[in-house]
Structures are given as C-alpha cells and as structure tokens.
Amino acid sequence: SGQIVFEPKLSETGLKIIGDGAVELYHNNNKKLETSTYGTTLTGNLFLADSSDGNWGRIKVGTGEDLQIYHSGTQSYISDQGTGNLNLQGSSKVVIGNAAHNENMAQFFADGAVELYYDNTIRLATNSNGIEVNGHVWLGDGEHVKFGSSTNGDLQIYHSGDWNYIKNLNSKNFVIQVKDNENAIVA
C-alpha cells in the first residue's frame, strides 16, 4: 500500500496519508495527530475557544453529547447532560483540590474515609466509628442536634435565640454523670 505525503517545504512533513492505514498531521515536522484502528492519538495540547453558547468550544462525548467539558469564559464545567449519573472513580482515592495543586478541598478514599477541608485543614472526616469534627460545629438559632432513632430524636439539644434547651423526648430516665458510672442527676 502506498502513501501520500505533503511537504510544505523541502524535507518537512505536513500531512501523511497511508493507504489502508493512518492519517498523520504534523507541525514543524513533529507528528501531532494520528488516526488508527482504535481512534485518534493527539500529541500535545488540545486548545478550544470559550463556549458561551453551547455549540462550539466544548468536548462532547456520547451519542447524545451526554458528557460535556468546557469553559464559559469565566467558569469551567464538567457537565452530565444525560439521564445517568456523573461518576468520578479512582482505584485508591479521588482528590478535589485547588488549581495550584497545593491544597486539598476533599478526599474520598476507596473502602475508607471521606475528608472535607477548609484552607487545606481537615475539618470533617468519616471513619469506621462515624465522623470526626476538627473545629467547632455552629448551628443557627432554632436548629437542633438530635440523638436517637425516632423521627424527632429521643434527645434534642438546641438554642431558641433566648433560651438553651436539652430535651428528653422519650419515657426513659435522663441521666447526667460527672464520673463514669456515677450519676449526678437522674430525672
């Protein structure tokens, strides 16, 4: 099988078309794009213009253009336009960080913890026992912390704006202990 080679100047390949095979595109005699049986190989970067109207400057994947990656001019997007989920998967962990690659925002470990960060400091983490909070938990007036399995919680702690409340909402005793196994108040 033959080939057709276009040389924009002597001894500099610009385009190569190989019979029953690949098409190759060159820049300054360096191969940048190549077709193959399995698809297309790009060497280098792919630059697309900003996409504010949705019709150009986007990477669109899927028969119905279900997955789109683009920049609007002010914001960057990974957008799932289809009917299924947008899944991020990693073999050991998935990390969401800042553009400078020097701060974590969130980490998701396979078969393990989830960590949420503020200014590169872990503030909330899950573990095999539940969650760990590093810092304060702030709730607005009237917001409740609820304990127990009933709909409203068996025990509630909250602040109404003027008053502080600890409410026992079941028929069991309410006990405050000052030492392990030593009851100070039983109500």
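Under the working numbering, read the sequence shown as residues 292 to 478, first letter to last. Just so you know, even glycine gets a beta-carbon here, dropped at the ideal spot from N, CA and C.
In whole angstroms, what is the alpha-carbon distance linking residue i and residue j?
| i | j | result |
| --- | --- | --- |
| S343 | V296 | 38 Å |
| I476 | Y368 | 56 Å |
| Y408 | R414 | 5 Å |
| L460 | N474 | 20 Å |
| N425 | N321 | 53 Å |
| F338 | I457 | 59 Å |
| V385 | E406 | 11 Å |
| H392 | S451 | 43 Å |
| G355 | T331 | 20 Å |
| G312 | T328 | 8 Å |
| V352 | E325 | 19 Å |
| K323 | P299 | 16 Å |
| S462 | T365 | 57 Å |
| T304 | I360 | 32 Å |
| D402 | M396 | 19 Å |
I need the DSSP call for residue i, collapsed to helix, strand or coil.
| i | result |
| --- | --- |
| K463 | coil |
| Q398 | strand |
| V352 | strand |
| Q366 | coil |
| F338 | coil |
| D494 | One cannot answer for residue 494 here, as it falls past the ends of the chain, which runs 292 to 478. |
| V469 | strand |
| A475 | strand |
| Q294 | strand |
| L306 | strand |
| G388 | strand |
| D311 | coil |
Between residue i and the ligand GTP, is there a pair consisting of the residue's CB and a ligand heavy atom that are separated by less than 8 Å?
| i | result |
| --- | --- |
| V424 | Ligands are entirely absent from the displayed structure, and the ligand GTP is therefore not among its contents. |
Look up residue i in the DSSP assignment and give the residues it is bridged to.
| i | result |
| --- | --- |
| T331 | T326 |
| A416 | E406, E423 |
| N321 | H318 |
| Q447 | K437, K458 |
| D371 | L358 |
In chain order, what residues of the same chain lie with their CB nearer than 8 Å to the CB of residue i, ignoring the 5 residues before and after it?
| i | result |
| --- | --- |
| E394 | G388, Y408, D410, N411 |
| N464 | V477, A478 |
Only counting the same chain, and skipping five residues up and downstream in sequence, which positions put a Cβ closer than 6 Å to that of residue i?
| i | result |
| --- | --- |
| G335 | K323 |
Give every residue of the same chain whose Cβ lies closer than 7 Å to the Cβ of residue i, excluding the five residues on either side of it in the sequence, and list them in chain order.
| i | result |
| --- | --- |
| D371 | D357, L358, L377 |
Between the segment 433 to 440 and the segment 400 to 420, are three or more C-beta pairs nearer than 8 Å? no
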